[in-house]
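Okay, so the sequence shown: first residue is 1 according to the UniProt record's numbering, each after it adds one. All residues carry an ideal CB built from backbone N, CA and C; glycine is no exception. Only one structure is covered here, and it is reproduced in the block below.
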Amino acid sequence: MNKNRLLPFLGAAVALAVLPLLLQGVGEAWVRILDTALLYILLALGLNIVVGFAGLLDLGYIAFAAVGAYLFALLASPHLAENLPAVAALFPDGLHTPIWLALPLGAGLAALAGVMLGAPTLKLRGDYLAIVTLGFGEIIRVFMNNLDAPVNITNGPKGINAIEPFRVGPINLGEPWHIGSFTLPPVTLHYYLFLGIVILAVIVCMRLHDSRLGRAWMAIREDEVAAKAMGLNTRNLKLLAFGLGATFGGVSGVLFASFQGFVSPESFSLQESILVVAMVVLGGLGHIPGVILGAFLLAALPEVLRHVAGPLQAMTDGRLDAAILRQLLVAVAMIGIMLARPRGLWPAPAHEDRLIPDEAALKEGQA
């Protein structure tokens, strides 16, 4: 890495490390907003593989987060032991799944669900694919909502609580960590865990984007018939895109369950799927920095607008509902941004969208 890139990189690393320490002095709620934004960034990076790289419109993506979240909820809470005598007999002290086992299990099960979704939709594109994936997401949510009888697996609409927080070595992320006279609250500890996983996800996405696999996905995105005529196995490539994208969703779901300590079907509604799609489109379809920017803005903007909606509600003597007003402001902001920046806030440079580098890119590489 040359000096021109090293200094901004080190500056960004120091800023990301210090940011929660500064915000926790103002209030832990701001650090919690950062934690939530990091979880949405992880979701958006995964969906970007499916939608941005491979061009497969997926409106049921949040279902993979639900798979990961419920898997960890069942493996790290007393719910199964309380409702299934066989589990209570096998694990009298309860299931206490560690982080190094929960994350691969959540990622693997979500990847399997992604392949199962992709298999019957290989011949679909555009609106038809969107409708099928939307239906898949709703099936998963309804399934979680009703699997409480005759055997109580998911506890239905009441959800599963008492989920244990992660332990990373001797550190329990659910309790404050004292370093001398300095204390790191749980939200700050979760921030560092989420940040590390998001950085790893960004590296994986960048390697995928620059690899032959990424180029093959982009060829399918641009013209599937031409890609197939050139000898690409579009079936396997699509299944791989669905599986890898779902992996990110599963990991995000596991982290969400541990962070909140509670999961319910309402956390994985269609509105959440649409929100993640909006993050990818708003930031810049297929462009990793743009997707991160879009996810951060849409995750943080409603919380920031909360401080605007309150005074507006007071000006109308409470006749306007603050929550609805906040949604209206978010919608207006999104419409304005999309009118001004139709390709997204931070779209990919023109040469990154092309399968054959343009002359400017070649000259830059030779220099």
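Task: Nearest neighbour of Asp35, chosen from Asn48, Leu19, Leu47 [CA to CA] - done: Leu19
Open item on the list: Let's see if you can read the secondary structure: which residues bound the alpha helix (DSSP H) around Leu200?
Closed with: 186-210
- [ ] Label Leu7 either buried or exposed according to how many other C-beta atoms from any shown protein chain fall within 10 Å of its C-beta, with 16 as the threshold for buried.
- [x] exposed
Task: First and last residue of the uninterrupted beta strand (DSSP E) at His178 - done: 177-179
Task: Under 8 Å between C-beta atoms of Val263 and Ala69 - done: yes
TODO: Identify, in the order they occur along the chain, each residue of the same chain with its Cβ nearer than 8 Å to the Cβ of Leu301, setting aside the five sequence neighbours on each side.
DONE: Val330, Ala333
Open item on the list: Per the DSSP calculation, Asn172 is bridged to which residue(s)?
Closed with: Arg167
Task: Cut-off 6 Å between Cβ atoms - residues of its own chain near Ser252, not counting five sequence neighbours on either side - done: Leu39, Leu42, Leu43, Ala65
Open item on the list: As an exercise, report each continuous alpha helix (DSSP H) stretch of at least 4 residues that is fully enclosed by the stretch 52-131, in chain order.
Closed with: 62-75, 79-83, 85-90, 99-118
- [ ] Going by DSSP, name the residue or residues bridged to Val263.
- [x] Ile160
- [ ] Would you check if the distance between the CB atom of Ile62 and the CB atom of Phe194 is smaller than 8 Å?
- [x] no
TODO: Enumerate in chain order the residues of its own chain whose CB-to-CB distance from Ser273 is below 7 Å, with the five nearest sequence positions on each side excluded.
DONE: Leu59, Gly60, Tyr61, Ile62, Gly137
Open item on the list: In the DSSP output, what is Thr183 paired with across the bridge?
Closed with: His178
Open item on the list: Please state the DSSP three-state secondary structure of Thr234.
Closed with: helix
Task: Sequence-distant residues of the same chain with beta carbon closer than 6 Å to Pro289, five excluded per side - done: Trp346
Task: Chain-order list of residues whose beta-carbon lies under 6 Å from that of Thr121 (same chain, five-residue window excluded) - done: Leu129, Val132
Task: Stretch-stretch touch, CB-based, cutoff 8 Å, three pairs: the stretch 86-105 with the stretch 224-238 - done: no
Open item on the list: At a threshold of 7 Å, does Ala73 count as lining the ligand NAD (C-beta to nearest heavy atom)?
Closed with: Because no ligand of any kind appears in the structure shown, any question about the ligand NAD cannot be addressed here.
Task: Opening and closing residue of the alpha helix (DSSP H) in which Trp346 lies - done: Careful: Trp346 lies outside any alpha helix (DSSP H) and carries neither H nor E.
TODO: Look at the Cβ atom of Gly245, then the Cβ atom of Gly135, and state whether they are nearer than 8 Å.
DONE: no
TODO: From the DSSP output, in three-state form, read off Ala229 for me.
DONE: helix
Open item on the list: Assuming contact is defined by CB atoms lying nearer than 8 Å, are Leu200 and Pro186 in contact in what I supplied?
Closed with: no
- [ ] Determine, using beta carbons only, whether Asn155 and His79 come nearer to each other than 8 Å.
- [x] yes
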